[in-house]
Amino acid sequence: MKQEILMVKIQNAIKEGKSYYEATKGNWRINKARLDYIQYVVGVDRGDIVCAYNPKNWYQVEEGTEMGRSYFYGKEVDDNLLCKMQESKELLNKKFGRGQAVGYASLSEILSAKDCTRK
23 MKQEILMVKI QNAIKEGKSY YEATKGNWRI NKARLDYIQY VVGVDRGDIV CAYNPKNWYQ
83 VEEGTEMGRS YFYGKEVDDN LLCKMQESKE LLNKKFGRGQ AVGYASLSEI LSAKDCTRK
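See below:
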């Protein structure tokens with residue numbers, strides 16, 4: 023089964039005072055066909071990987087100006103996985119399209135990295 027990471031740019035929501043979780047969970051315009059494959063959602067603030075979550079449930083906004091966008095509820099990933107993602111930030115940042123708020127990467131691209139050691 024294909025496993026993916028969804029990366030979302032959260033700097034604007036952070037400026038508004040939202041927590042990393044609130045900023046990362048949504049509402050995002052994403053490819054609904056990919057929802058079943060997304061294992062992790064990563065929050066990116068000005069190019070830095072600042073948080074990552076394992077989405078447990080996905081929901082769709084049903085009305086209003088955000089209609090059709092997706093959001094999730096989930097839990098924070100462990101420190102080792104977050105560190106691997108942070109060490110892979112150059113690779114992950116390349117996955118964003120020009121001017122796009124979301125990007126996708128294959129989970130295998132970062133899981134093959136060695137265990138991370140924080141300085």
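Its first residue numbered 23, the sequence shown is counted upward by one per residue in the numbering used here.
Glycine included, each C-beta is placed from N, C-alpha and C at the ideal position.
Just so it is clear, the structure is predicted and the values come from calculations on it, not from any experiment.
Residue state for E109 is assigned as helix, using DSSP reduced to three classes. Judged by their CB atoms, V124 and W50 are nearer to each other than the 7 Å cut-off. Remark: C-beta atoms of K106 and I132 approach each other more closely than 7 Å. In the DSSP assignment, L133 falls within the alpha helix (DSSP H) that extends over 130-133. In this structure, V64 lies away from K31, with their beta-carbon atoms at least 7 Å apart.
Excluding five sequence positions before and after G90, the CB atoms of its chain that fall closer than 8 Å to its own CB belong to R51, Q82, V83, given in chain order. Under a 10 Å Cβ-count criterion, A55 is classified as exposed, with fewer than 16 other Cβ atoms of the shown protein chains found around its own Cβ.
Rounded to whole angstroms, the gap between the alpha carbons of L28 and E44 is 15 Å. For Y43, the uninterrupted alpha helix (DSSP H) segment begins and ends at 42-47. Following the DSSP letters along the chain, one finds Q82 inside the beta strand (DSSP E) bounded by residues 70-82. Under DSSP, V64 forms a beta bridge with M29, A74. Annotated as proximal: I60 and E26, with beta-carbon spacing under 7 Å.
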